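Residue numbers (this note's numbering): 1 to 166.
Note that the Cβ used here is the ideal one computed from N, Cα and C, for glycine as well.
Just so we're clear, the structure is a prediction, and the values are computed from it rather than from any experiment.
Notes follow once the structure below has been shown.
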């Protein structure tokens, strides 16, 4: 997929939005991936569903359809999103908390994480796991920042277990 890098990710991300919205429909995807439907019928369907789409995007969707790879479009769209974020200096964080964050907490956490990793912005994908008890676990790329209460309690337990009893 080296050709992906030759296209400006920022521009392509915007152009792919409409196609992604249409191709996220399971019925559309099933039609475009159906072996009993002719390629010409599929290409006509693409032209009908995406009449004003960028030529490069339409050709990409058409090529993926004819090559029976259209189901991979969502992955390609995600990859372009990641490339566009990287291009703009935006990091993506997978954040786990015990309870949902409100908007103010999410914004404050995003600013703190951006400062920690030296990025202009951090986009947060939030997961809820009551087992962490409290605090936050954040994964940004290969980095794991674990500020969960569960981990702090485990560290305390291990530290106390190592001390001799008088």
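- Listed as beta-bridge partners of residue 139 by DSSP are 94 and 144.
- In this structure, the alpha-carbon of residue 40 lies about 19 Å from that of residue 73.
- Every alpha helix (DSSP H) stretch that sits fully inside the stretch 72-129 and reaches 4 residues is listed by chain position as 73-88 and 103-117.
- Assigned with DSSP and collapsed to three states, residue 37 falls in coil, not helix or strand.
- Here the stretch 146-159 makes contact with the stretch 124-135; the two share three or more CB pairs at distances below 8 Å.
- Short of 6 Å from the beta carbon of residue 65, and not among the five residues preceding or following it, lie these beta carbons of its own chain, in chain order: 32 and 42.
- A direct Cα-to-Cα measurement between residue 124 and residue 102 gives close to 12 Å.
- Boundaries cannot be given for residue 165, as no alpha helix (DSSP H) includes it and DSSP labels it neither H nor E.
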